[in-house]
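What follows is a short report on a single structure.
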Amino acid sequence: NLKQIKLIQRFKPTHFYYFATPKIFTGEAYNFDVKKFNLFNQYYLSSFNEIFKVLDKVKLKAVFSPSSISVNEPTSKLFEYSCSKSAMETYFVYLKSKYRYINFYFPRLLKIRTNQTISVFNEKLKSPYFELIKYLKKIG
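Just so you know, the sequence shown maps onto residues 3 to 142 in our numbering.
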């Protein structure tokens, strides 16, 4: 909304950390769902863009938004998610060429322990805090 836009513009952030996502693990194997793909795009492309376009590009030094290893290894139930994350990466490469002085950092993370990955199975997933800190230190 307009009030939030004005707050962001007055604040003039130097770093933009974007972690928005809908529920990921919902899908039928081998049944591409355009609605789900569009929902992911709303988060990873459209909503990101709405925030990015109001940021002061002169002050902005870095953008961090993690991608996923599923781009490399898409599974049948995560196909829409993987396609959307791939589109996000392509968009960031485009922005990186347009704003050469801004560091766009979008590492492909392995599956980590989050509210979305909690299950009754004893998976040995890494802590998101320690995993993300490794990447965030690289931004500077």
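All C-beta atoms in this analysis are idealised placements derived from N, C-alpha and C, irrespective of residue type, glycine included.
In this text the structure is predicted, and so the values were computed from the model without any measurement.
If I follow the unbroken beta strand (DSSP E) through residue i, where does it start and stop?
i	result
alanine 64	64-66
phenylalanine 21	Element bounds for phenylalanine 21: n/a, residue is neither H nor E.
For residue i, which of helix, strand or coil comes out of DSSP?
i	result
arginine 110	strand
asparagine 40	helix
threonine 119	Bear in mind that the predicted position of threonine 119 carries a pLDDT of just 49, short of 50, making it unreliable; the figure below should be weighed with that in mind. Note: threonine 119 maps to coil in three-state DSSP.
tyrosine 101	coil
Measuring CA to CA, which of the options is closest to residue i?
i	options	result
valine 73	Leu112, Lys55, Arg12, Ile10	Leu112
isoleucine 10	Val56, Tyr46, Leu41, Phe106	Val56
lysine 38	Lys140, Cys85, Glu52	Cys85
lysine 14	Asn51, Lys59, Asn43, Phe42	Lys59
Assuming residue i is part of the alpha helix (DSSP H), what are its boundary residues?
i	result
phenylalanine 13	4-13
phenylalanine 143	Past the edges of the chain, shown from 3 to 142, lies residue 143, and the structure says nothing about it.
Measure the Cβ-Cβ separation of residue i and residue j and say whether it is below 9 Å.
i	j	result
threonine 16	alanine 89	no
serine 67	tyrosine 107	yes
isoleucine 71	phenylalanine 18	no
tyrosine 93	leucine 47	yes
Take the Cβ of residue i as the centre, count every other Cβ of all protein chains shown within 10 Å, and call the residue buried at 16 or more, exposed below.
i	result
leucine 4	exposed
lysine 61	exposed
tyrosine 83	buried
serine 69	buried
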